[in-house]
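Q: Throughout the sequence shown, residue numbering follows our numbering, covering 326 to 610 in sequence.
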Amino acid sequence: MSLRVIIHDKHGDLKTNRVVEAPRQTYIHDFFATENYIIVNLHAAEFSPLGFLAGMKTFTEALTWDRDIGNLVMVIDKNGDGELRIYEAPGSWMWHALNAYEIGSEIVCDFVGYDEPDHFLGSNAVFKTIMSGKDGQANSPGTLRRWRIDLGSSSLDETIIDDGHFEFPMIDPRVATRQHKCGYVSSSSQSGSWWHDGVARIDMNTGEKESFHFGDKHYVGEPIFAVKPGGDIDQGWVLCEVFNGNSGRNGLAVFESATIGQGPVAIAWLDHSLPISFHGTWVEA
Numbered sequence: 326m327s328l329r330v331i332i333h334d335k336h337g338d339l340k341t342n343r344v345v346e347a348p349r350q351t352y353i354h355d356f357f358a359t360e361n362y363i364i365v366n367l368h369a370a371e372f373s374p375l376g377f378l379a380g381m382k383t384f385t386e387a388l389t390w391d392r393d394i395g396n397l398v399m400v401i402d403k404n405g406d407g408e409l410r411i412y413e414a415p416g417s418w419m420w421h422a423l424n425a426y427e428i429g430s431e432i433v434c435d436f437v438g439y440d441e442p443d444h445f446l447g448s449n450a451v452f453k454t455i456m457s458g459k460d461g462q463a464n465s466p467g468t469l470r471r472w473r474i475d476l477g478s479s480s481l482d483e484t485i486i487d488d489g490h491f492e493f494p495m496i497d498p499r500v501a502t503r504q505h506k507c508g509y510v511s512s513s514s515q516s517g518s519w520w521h522d523g524v525a526r527i528d529m530n531t532g533e534k535e536s537f538h539f540g541d542k543h544y545v546g547e548p549i550f551a552v553k554p555g556g557d558i559d560q561g562w563v564l565c566e567v568f569n570g571n572s573g574r575n576g577l578a579v580f581e582s583a584t585i586g587q588g589p590v591a592i593a594w595l596d597h598s599l600p601i602s603f604h605g606t607w608v609e610a
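(1) Report the option in Ser536, Phe537, Leu476 and Val437 whose CA atom is closest to the CA atom of arginine 470.
(2) Does the Cβ of serine 511 have 16 or more other Cβ atoms within 10 Å, making it buried, or fewer, making it exposed?
(3) Please tell me whether glycine 576 and valine 563 are closer than 8 Å, where the distance is taken between their beta carbons.
(4) May I ask you to report which of helix, strand or coil DSSP gives aspartate 402?
(5) Using 8 Å as the threshold, is the C-beta distance between valine 330 and arginine 343 below it?
(6) State the beta-bridge partners of glycine 561 as determined by DSSP.
(7) Measuring straight from C-alpha to C-alpha, what distance separates aspartate 338 and arginine 410?
(8) If you reduce the DSSP assignment to three classes, tell me which class alanine 583 lands in.
(9) According to DSSP, is arginine 499 part of a helix, a strand, or is it coil?
(10) Between which two residues does the beta strand (DSSP E) carrying threonine 606 extend?
(11) State buried or exposed for proline 374, treating a residue as buried only when at least 16 other CB atoms are found within 10 Å of its CB.
(12) Expressed to the nearest angstrom, what Euclidean distance is found between the alpha-carbon atoms of cysteine 507 and glycine 380?
(13) Go ahead and pull the three-state DSSP assignment for serine 269.
(14) Between serine 457 and tyrosine 544, what straight-line distance do the alpha-carbon atoms span, to the nearest angstrom?
(15) What is the DSSP secondary structure of leucine 328, counted as helix, strand or coil?
(16) Find out if the Cβ-Cβ distance for the pair proline 554, tyrosine 509 is shorter than 8 Å.
(17) Based on Cα-Cα distance, which residue from Thr389, Gly573 and Phe445 lies nearest to aspartate 596?
(18) Hey, quick one: how far does the beta strand (DSSP E) through valine 619 stretch, first residue to last?
(19) Which residue comes first and which comes last in the alpha helix (DSSP H) that contains serine 376?
(20) Roughly how many angstroms separate the alpha carbons of tyrosine 352 and phenylalanine 372, rounded to a whole number?
(21) By DSSP, does methionine 419 sit in helix, in strand, or in coil?
(22) Under 8 Å by Cβ, that's how I've got serine 602 and glycine 546 pegged, so tell me the actual separation to the nearest angstrom.
(23) What span of residues does the alpha helix (DSSP H) with valine 545 cover, start to end?
(24) From the DSSP output, in three-state form, read off glutamate 408 for me.
What follows is the structure, encoded as structure tokens:
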């Protein structure tokens with residue numbers, strides 16, 4: 326499998342257009358970026374395209390998960406044709422990266438990872454059953470994880486920052502590709518459930534967590550960080566869509582980033598439905 330790495334500078338001028346060969350054919354949903362590197366996580370899942378291309382299998386049916394083979398992590402130099410490095414990591418599934426940065430000869434990558442993608446792959450995966458209005462399997466939680474990659478060796482170490490159930494990790498965008506302190510995530514208060522009913526702020530250095538959950542039959546989407554004009558790093562607001570299943574209403578909840586545990590400072594309840602959405606950025610008017 327080939328990957329094309331294209332990098333433009335802030336003026337839109339092309340800096341890098343490079344093709345690299347991946348050692349595994351799999352599904353890639355997201356990647357990490359630091360000042361000097363692109364880091365690509367190759368899941369412990371092999372993609373067999375023939376059945377999919379012939380129309381005999383769905384895309385997910387063409388993926389074979391095997392946690393025992395572990396993940397492969399590609400570290401690609403952003404500044405030209407530098408050496409491609411491959412590292413081995415424990416088997417896990419990743420939808421979304423939080424951030425990555427460099428400290429000396431080490432790369433730190435933070436992300437939400439699953440020991441098993443049972444919510445996505447398999448006949449009873451909740452991603453499939455929800456299409457018919459049924460709740461399916463999602464037993465493996467999305468835990469907040471950290472990789473430390475030693476560029477001077479073949480070493481990659483993984484630690485669990487928090488073993489709760491999270492998704493849609495977000496940082497203050499001003500520290501993207503640089504060392505961050507806090508991560509903001511959607512959070513679930515119910516084990517064994519895919520659905521998220523709250524928001525959390527986690528100190529990535531100490532593991533300290535502050536969270537708020539809306540309660541039963543509330544469903545929370547992706548948190549978005551809105552920078553406070555003139556404020557320091559991590560000063561701002563966290564915005565998230567919320568659906569109240571009891572009243573059938575959608576709203577936009579606004580949290581002070583430093584006091585998420587106190588609950589939203591405001592909720593704008595809508596008088597119309599809000600279609601499901603993924604991924605956004607706050608742009609100041």
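Backbone N, C-alpha and C fix where the C-beta goes; we use that ideal spot for every residue, glycine too.
A: Let's see:
(1) Within the sequence shown, the letter at position 145 stands for residue 470. Residue Val437 is the option with its Cα nearest to arginine 470.
(2) One-based indexing of the sequence shown puts residue 511 at position 186. Burial call: buried.
(3) Position 251 of the sequence shown, counted from the start, is the residue given in the question as residue 576. Position 238 of the sequence shown, counted from the start, is the residue given in the question as residue 563. Cβ atoms of glycine 576 and valine 563: not closer than 8 Å.
(4) Residue mapping note: residue 402 aligns to position 77 of the sequence shown, counting from 1. Strand, per DSSP.
(5) Here residue 330 refers to the residue found at position 5 when the sequence shown is read from its first residue. Here residue 343 refers to the residue found at position 18 when the sequence shown is read from its first residue. For valine 330 and arginine 343, yes; Cβs fall inside 8 Å.
(6) Locating residue 561 in the sequence shown gives position 236, where the first residue counts as 1. Note: glycine 561 sits in a beta bridge opposite Val552.
(7) The residue you call residue 338 lines up with position 13 of the sequence shown. The residue you call residue 410 lines up with position 85 of the sequence shown. Approximately 26 Å between the Cα atoms of the pair.
(8) Position 258 of the sequence shown, counted from the start, is the residue given in the question as residue 583. Helix, per DSSP.
(9) Here residue 499 refers to the residue found at position 174 of the sequence shown. In the three-state DSSP reduction, arginine 499 falls in the helix class (H, G or I).
(10) By 1-based counting over the sequence shown, the position of residue 606 is 281. Unbroken run through threonine 606: none, as it is neither H nor E.
(11) Position 49 of the sequence shown holds residue 374. Proline 374 should be labelled exposed.
(12) Stepping through the sequence shown from its first residue, residue 507 is reached at position 182. Stepping through the sequence shown from its first residue, residue 380 is reached at position 55. Each residue's alpha carbon lies about 44 Å from the other.
(13) Any property of residue 269 remains undetermined from this structure, which presents the chain solely from 326 to 610.
(14) Position 132 of the sequence shown, counting from 1, holds the residue named residue 457. Position 219 of the sequence shown, counting from 1, holds the residue named residue 544. Here the alpha carbon of serine 457 sits roughly 18 Å from the alpha carbon of tyrosine 544.
(15) Indexing the sequence shown from 1 puts residue 328 at position 3. Secondary structure at leucine 328: strand, using DSSP grouped into helix, strand and coil.
(16) Residue numbering aside, residue 554 sits at position 229 when the sequence shown is read from its first letter. Residue numbering aside, residue 509 sits at position 184 when the sequence shown is read from its first letter. No, Cβ-Cβ distance for proline 554 and tyrosine 509 is not below 8 Å.
(17) Your numbering for residue 596 matches position 271 in the sequence shown. Taking only the C-alpha atoms, the option nearest aspartate 596 is Gly573.
(18) No answer is possible for residue 619: the residues shown for the chain start at 326 and end at 610.
(19) As a working mapping, residue 376 is identified with position 51 in the sequence shown. Sequence check: residue 376 is glycine here, not serine. Here the alpha helix (DSSP H) through glycine 376 covers 374-378.
(20) Counted from its first residue, the sequence shown places residue 352 at position 27. Counted from its first residue, the sequence shown places residue 372 at position 47. C-alpha separation (whole angstroms): 7 Å.
(21) For the purposes of this step, residue 419 is identified with residue 94 of the sequence shown, where counting begins at 1. Looking at methionine 419 - three-state DSSP - the assignment turns out to be strand.
(22) If you number the sequence shown from 1, residue 602 lands on position 277. If you number the sequence shown from 1, residue 546 lands on position 221. Confirmed, about 7 Å.
(23) Mapped onto the sequence shown, residue 545 falls at position 220. Where valine 545 is concerned, there is no enclosing alpha helix (DSSP H), although the beta strand (DSSP E) it sits in stretches over 543-545.
(24) Against the sequence shown, residue 408 aligns to sequence position 83. Three-state DSSP puts glutamate 408 in coil, outside helix and strand.
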